[in-house]
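> Pasting a structure here, questions to come.
Take a look at the structure:
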């Protein structure tokens with residue numbers, strides 16, 4: 136009711152209403168007719184409770200916006216929780232990666248030490264094998280020299296004996312050798 140009264144007073148105090156010619160409260164005055172039509176229109180609006188519906192629609196809209204804000208706030212909190220979770224997982228994965236790299240470096244150092252030890256063992260074995268081959272070659276060379284010396288000595292003795300020995304002495308030596316062989320074989 137107060138709104139209607141304020142509306143009527145505002146419309147009545149308007150300066151264009153006073154600018155019309157003739158008496159204001161007659162149907163011949165267009166300003167008065169427009170004023171009555173406006174009052175009837177506002178009355179119809181209030182009768183059908185349009186301001187209440189507009190207020191209700193605005194309240195609904197405000198509630199919708201509030202619920203959307205609450206939902207957005209909840210989504211933001213959930214996103215922050217997920218972000219914190221992913222950051223924590225990232226730190227854990229980074230720590231695991233660092234541990235794997237450290238373990239790999241340690242394994243590489245151990246493998247290098249093992250390879251060095253294996254190489255030293257291999258070198259020692261090869262040196263020993265080379266020394267054995269050298270010793271074997273020396274022994275073989277010494278044997279060849281001895282064999283050659285024996286062959287030369289036998290040849291020289293043969294020549295000396297052949298020059299100094301007679302046929303009877305040679306026959307005696309042959310018979311003695313045959314007897315010696317016969318005794319050793321039987």
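Numbering (our numbering), first residue to last: 136 to 321. Beta carbons are placed, not taken as given, at the ideal position from N, Cα and C, and that holds for glycine.
Starting from residue 158, follow the alpha helix (DSSP H) in both directions and report where the run begins and ends.
Taking the first residue of the chain shown as position 1, residue 158 is located at position 23. Where residue 158 is concerned, there is no enclosing alpha helix (DSSP H), given that its DSSP letter is neither H nor E.
> Going by the CB atoms, is the gap between residue 173 and residue 167 shorter than 7 Å?
Position 32 of the chain shown holds residue 167. Position 38 of the chain shown holds residue 173. Taking 7 Å as the Cβ cut-off, residue 167 and residue 173 do not qualify as a contacting pair.
> Can you tell me whether DSSP reads residue 259 as helix, strand or coil?
Start at 1 with the first residue of the chain shown, and residue 259 comes out as number 124. DSSP places residue 259 in helix when its eight states are reduced to three.
> Given this structure, state the Cα-to-Cα distance separating residue 299 from residue 314, to the nearest angstrom.
Position 164 of the chain shown holds residue 299. Position 179 of the chain shown holds residue 314. Approximately 23 Å between the Cα atoms of the pair.
> For residue 267, which residues from the same chain have a beta carbon less than 8 Å from its beta carbon, with the 5 sequence-adjacent residues on both sides left out?
By 1-based counting over the chain shown, the position of residue 267 is 132. The answer is none, since no qualifying residue turns up.
> Threshold first: 3 residues or longer. Then list the beta strand (DSSP E) segments lying entirely within the segment 247-320, N to C.
none
> Kindly indicate which three-state DSSP category residue 240 falls into: helix, strand or coil?
One-based indexing of the chain shown puts residue 240 at position 105. Of the three classes helix, strand and coil, the one that applies to residue 240 here is helix, per DSSP.
> Got a sec? Which residues, its chain only, sit under 8 Å from residue 202 by beta carbon, not counting five neighbours each side?
The residue given as residue 202 occupies position 67 in the chain shown. Here the set comprises nothing.
> Please list the terminal residues of the continuous alpha helix (DSSP H) segment that includes residue 183.
As a first step, residue 183 must be located in the chain shown, where it is residue number 48. Looking at the DSSP string, residue 183 is not in any alpha helix (DSSP H), and its letter there is neither H nor E.
> Rounded to whole angstroms, what's the CA-CA distance from residue 283 to residue 294? Just pull it up for me.
Sequence index remark: in the chain shown, residue 283 carries index 148 (1-based). Sequence index remark: in the chain shown, residue 294 carries index 159 (1-based). If I take the Cα positions, the gap works out to 16 Å.
> Using the C-alpha atoms, what's the distance from residue 289 back to residue 302?
Locating residue 302 in the chain shown gives position 167, where the first residue counts as 1. Locating residue 289 in the chain shown gives position 154, where the first residue counts as 1. Residue 302 and residue 289: Cα-Cα distance of roughly 19 Å.
> Using the C-alpha atoms, what's the distance from residue 227 back to residue 263?
Start at 1 with the first residue of the chain shown, and residue 263 comes out as number 128. Start at 1 with the first residue of the chain shown, and residue 227 comes out as number 92. For residue 263 and residue 227, the distance between alpha carbons rounds to 53 Å.
> Taking the alpha-carbon positions, what's the residue 163 to residue 169 distance?
Within the chain shown, residue 163 is the residue found at index 28, counting from 1. Within the chain shown, residue 169 is the residue found at index 34, counting from 1. Approximately 11 Å between the Cα atoms of the pair.
> My guess is that residue 193 and residue 186 are in contact by the Cβ rule of under 8 Å, so how many angstroms apart are they, rounded?
Taking the chain shown and counting its residues from 1, the one referred to as residue 193 is at position 58. Taking the chain shown and counting its residues from 1, the one referred to as residue 186 is at position 51. Here residue 193 is actually not in contact with residue 186; their C-beta atoms are around 10 Å apart, not less than 8 Å.
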